[in-house]
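Below: the structure, in structure tokens.
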Amino acid sequence: MIRIEYQTQRLSMRFFILMAVLFLLQTGFGLLLAAQHLDPTLLAGTLNFNVVRAEHTNLAILWVLSGFIGTILFVGPLLSNRELAAPWLIKFLFYALVGVTLWNMGTQALAQKGVAGWFMGQPMLQEGLEYLEAGRIADVVILIGFAILCYVVIRTFPPISKWNEIHWGLGLGVTALTAMWVFGLFFVERLDLQEYFRWYVVHYWVEGVWEVIHISLVGFMVVLMFNADIKAVGFAVFWGVVLVWLSGLLGNAHHYFWVGTPEFWQFWGSLFSALEPLPLIFCFWHIYLDSNLDRKPIANMPAFAFLLGSVVMEQVGAGILGFSMTFALSNAWSHGTWITMAHGHMALFGTFGMLSLAAAYYAVPIMRGVGVNFDQRLGKLAFWLTFTGMLGMVFAFAIGGTVQVYVYRVLQRDWFGGDIAPAMMFAKALAPIFGVVFLAGVGLIAYDLLTIGHRGEPRTSATDLETLTRPRGEWSLPLSGWEAGVWLLGMWIFGAIITIGLFSFNLSTVHKGDPTIPYIMGGVGYTGLLLVTVLFVLRFLRSLEARERGGVVAALAPHAPSEPPSAAPTVDDGVPVGAEA
Amino acid sequence: MTCAPGKPCWEGFKRRRALGLLGLMFLIFVGLSIASFLPSRGQVVPIDVEYAGYSAVRGKRIFQAYNCMGCHTIVGNGAYFGPDLTKLYNKVGPAWIEAFLPSAGGWPASGAVMVKLLDEEIAAEAGARTIDEYLSLYPGAAERINRRGSKPTMMPNLPLSRDEIGHLIAFLKYTSEMNTEGWPPEPRGDDAALALAGLAGGGGQQAAIAPPPGFPTDDPSLPPVERGANLVKMYGCVACHALDGTKLVGPGWGGLHGSEVKLADGSTITADEAYLSRSIMEPDVHLVEGFPPGSMPAFGTILKPDQVSSIVAYISSLGGN
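Structure representation (structure tokens):
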């Protein structure tokens with residue numbers, strides 16, 4: 007696909023741009039949090055840590071949602087072979103999203119004064135619950151926004167009897183997105199009951215709804231990028247959704263271990279949430295299979311890199327890191343520490359953020375009329391900056407978390423300023439270093455997405471030509487299924503080391519004051535896992551770029567040498583991909 | 004789990020079967036959920052918990068209004084920037100929290116906790132009348148006073164009112180009474196072994212109560228200004244009073260002596276020795292404009308007159324007329 011087929015697809019542009027701006031803002035707040043970890047007096051009294059943190063988590067949710075909406079609007083007409091329903095509602099949705107974002111950013115600061123805006127028993131302005139910090143007014147606006155999205159999606163889709171599996175995935179996804187939000191709309195007096203319902207929103211969103219939307223959109227991106235058969239991909243999407251819901255419904259129990267709910271949840275949570283990586287491995291395997299459907303070069307490398315990053319980080323961040331702490335015996339230690347933070351950052355940004363970025367890198371150049379003929383080096387660099395920046399942050403969080411578990415939970419020191427923070431200082435200092443790398447990548451993404459198609463025609467630089475003529479190394483050979491399986495196995499071996507490392511906090515030697523075993527296992531496990539992840543993605547992308555070079559070199563021969571590599575006429579263009587439906 | 008193009012794959016049938024299985028799991032989930040909140044579970048509910056007449060339900064609203072979870076964790080969920088608050092009440096007791104929350108930017112010293120114990124209701128809730136009883140009941144308070152007393156914290160001062168503090172403590176009393184299935188993990192280590200490894204901090208109760216070496220004591224033989232400086236440190240006055248003119252929880256001391264202060268009733272008074280002494284012993288008698296009554300405890304029953312005059316001498320040494 008090289009140009010848009012339906013004019014209403016253009017409505018997605020504003021959501022992608024909003025996404026890029028909010029993403030940059032969110033990362034800025036994140037770096038401020040890292041600085042406040044190093045110096046707790048920084049902006050204390052002006053912009054307290056809890057306010058900055060609320061902005062950071064809420065903006066994360068909002069930019070990912072903005073990206074999801076953009077992607078759904080872009081693919082919706084293609085999936086339905088018709089224009090989007092009610093474009094004026096979509097325009098309204100955009101202004102409502104901007105308005106509610108600004109409103110919520112403002113009201114979060116009221117937490118410093120203890121103002122929640124209680125009215126009719128509900129906190130109207132902000133409610134101080136992790137991830138659900140938005141007050142009731144914003145909550146209701148967001149609920150209306152979800153309802154609009156639902157309406158637009160369902161009305162755009164063909165009649166339900168003609169739905170394929172991607173229609174089902176997206177249709178169920180946006181409906182459940184709206185339905186689950188309702189559980190966060192009530193003040194609950196009991197702490198245990200409040201946490202019970204809070205996880206309805208948080209867990210069922212990420213592990214039920216967002217993941218289903220994610221699988222469906224990844225599936226359709228594969229259809230678009232590789233011209234894959236929509237029925238075959240749809241069948242894989244169906245199995246992905248089945249595995250997500252059958253493991254995730256009872257998997258929510260892993261949030262009910264220690265919040266005041268009975269012990270039996272420890273059994274159900276440990277059992278079912280251990281199955282939650284299955285759909286992620288399945289999705290991971292499919293991206294390998296589908297990108298090897300043909301040996302054609304990848305036309306839009308930044309879009310594919312982010313798509314691959316999304317699936318790999320989902321598998322590693324949500325799958326493996328989530329698995330390591332999902333058992334009651336390991337969760338007793340990791341719960342409420344930086345170890346959770348490592349998992350949360352990688353899973354949320356990796357899985358959902360990178361998918362939105364992939365979709366933006368696919369859709370924005372098309373909407374600007376350049377298709378795939380844009381300078382892709384910026385996008386590729388931005389991918390590597392955000393990818394390695396995030397893995398580095400995750401490493402810092404995981405190592406900091408391991409030390410925190412020992413000092414805080416085992417040694418029972420609870421002086422954060424005097425005991426915990428000094429012990430974690432290495433990790434606290436490491437996090438912002440990678441944070442700066444990440445921020446550079448985000449800035450580049452924002453610049454690139456804003457200016458693609460406005461920067462003029464790309465030129466083939468000397469470095470590009472050098473790359474073109476450079477002999478291929480072993481890392482550029484085609485990636486066989488067997489080799490991909492070995493990489494996957496490598497990740498899980500290090501994942502097992504991390505898991506056993508967390509279990510080893512139960513050992514009596516640790517409680518006698520010797521943390522060697524968990525420290526070594528954490529050090530080896532996290533380092534190994536993250537290195538294997540980087541190397542695998544490097545290997546995967548290089549094997550595909552070697553294809554591109556082959557294609558380009560072949561394509562360059564009859565053309566002028568100044569022909570840009572990305573302009574190689576080997577694109578799957580002109581095929582109305584949604585047409586097979 | 005693959006479907007070759009053009010072959011029938013029975014998606015509709017498989018989807019219905021999967022939804023049936025999902026329905027079964029949903030029933031299990033609903034069953035477990037109902038069992039979790041039945042009264043027979045015996046879980047404490049906030050409506051049943053009171054602290055000195057304050058309500059745990061209102062405390063929960065205040066806990067949310069200040070977004071405490073945005074720095075701390077509660078039942079392990081939150082931001083990992085500060086400590087978990089679930090069992091804090093059990094560890095440090097109400098008097099310590101009473102002393103801490105009005106000026107969260109500094110760790111309270113023993114004097115501030117002593118003052119709180121003079122309040123009948125707080126002492127009754129704590130189950131201790133003297134500071135020694137209190138510290139042996141709540142080793143967490145002893146550890147905090149001895150290791151951290153008068154030092155700055157990582158937490159900013161919050162504009163909490165007297166009532167808000169009471170409700171918050173009621174909420175923390177409720178959470179500490181909750182059955183959280185043994186989380187956070189109890190200490191399993193042998194204190195002696197940890198101490199050998201140089202790792203134990205405030206493990207043993209008795210060791211924790213004894214003040215660490217170098218902590219100031221009241222020595223009447225010292226000159227008044229130096230003695231006053233020690234007393235100020237012992238009683239943690241600087242948690243609320245800045246040594247310069249800055250207004251924290253209370254007025255700053257720099258330049259205060261001899262200055263004209265405006266009182267809440269509209270009159271003005273000169274902050275001479277007599278006024279400063281009276282304000283330490285009975286702070287609410289001549290309350291300065293802009294400060295709510297009851298924010299400072301009356302030290303008249305704790306400090307001896309010569310101790311008060313030493314503190315006044317120290318304040319006067321910080322500048323002023």
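In the order they appear, the protein sequences are chains A and B. Quick note, in my numbering, the first sequence goes up one by one and the last residue is 587. Quick note, in my numbering, the second sequence goes up one by one and the last residue is 324. Just so you know, even glycine gets a beta-carbon here, dropped at the ideal spot from N, CA and C.
Where residue i sits in the DSSP three-state scheme
i	result
Thr76(B)	strand
Trp124(A)	strand
Gln132(A)	strand
Glu285(B)	coil
Gly323(B)	strand
Ile272(B)	strand
Pro564(A)	Any reading at Pro564(A) needs caution, since the residue's pLDDT is 40, under 50, leaving its predicted position unreliable; the model's value is listed next. Of the three classes helix, strand and coil, the one that applies to Pro564(A) here is coil, per DSSP.
Tyr69(B)	coil
Glu136(B)	helix
Glu480(A)	helix
Glu53(B)	strand
Ala102(A)	helix
Asn182(B)	coil
Lys97(A)	helix
Asp222(B)	coil
Ala301(B)	coil
Contact with chain B by residue i, beta-carbon distance below 9 Å
i	result
Ala353(A)	no
Glu217(A)	no
Arg59(A)	yes
Met347(A)	yes
Ala26(A)	no
Gly584(A)	For Gly584(A), the predicted structure reports a pLDDT of 40, less than 50, and the residue's modelled location is therefore unreliable. A value from the coordinates is still provided. Answer no: the Cβ-Cβ gap between Gly584(A) and chain B never drops below 9 Å.
His173(A)	no
Lys302(A)	no
Pro438(A)	no
Residue-level contact to chain A via CB, residue i, 9 Å cutoff
i	result
Ala82(B)	yes
Leu104(B)	no
Thr5(B)	yes
Ala112(B)	no
Met237(B)	no
Lys94(B)	yes
Asp166(B)	no
Glu14(B)	yes
Other residues of its chain near residue i: CB distance less than 7 Å, five sequence neighbours each side excluded
i	result
Leu384(A)	Leu450 and Asp454
Pro188(B)	none
Tyr141(B)	Lys94, Val95, Gly96 and Trp99
Trp245(A)	Phe288
Met546(A)	The residue asked about is misnamed: residue 546(A) is Phe in this sequence, not Met. Leu314 and Leu485, listed in sequence order.
Phe511(A)	Trp339, Val411, Val416 and Pro524
According to DSSP, residues forming a beta bridge with residue i
i	result
Val291(B)	Leu266(B)
Ala140(A)	Gln132(A)
Gly81(B)	Thr76(B)
Asp87(B)	Thr76(B)
His260(B)	Gly323(B)
Pro155(B)	Gly109(B)
Ser58(B)	Glu53(B)
Short Cβ contact (9 Å threshold) for residue i with residue j
i	j	result
Gly76(A)	Ala369(A)	yes
Glu201(A)	Gln114(A)	no
Lys176(B)	Tyr92(B)	yes
Leu508(A)	Ser362(A)	no
Ala595(A)	Leu223(A)	This structure cannot speak to residue 595(A), because chain A is shown only from 7 to 587.
Ser316(A)	His209(A)	no
Sequence-distant residues of the same chain with beta carbon closer than 6 Å to residue i, five excluded per side
i	result
Arg230(B)	Ser313
Phe80(A)	Gln15, Ser18 and Ala369
Leu436(A)	Ala402
Glu213(A)	Gly254
Pro285(A)	Gly246, Leu249 and Val250
Ser72(A)	Phe21, Leu24 and Met25
Ser279(A)	Gly257, His260 and Thr332
Contacts around residue i, its chain only, beta-carbon distance under 8 Å, and the 5 residues preceding and following it disregarded
i	result
Pro477(A)	Because Pro477(A) sits at a pLDDT of 48, beneath the cut-off of 50, its placement in the model cannot be relied upon, and the following sentence gives the value as read from the coordinates. There are no such residues.
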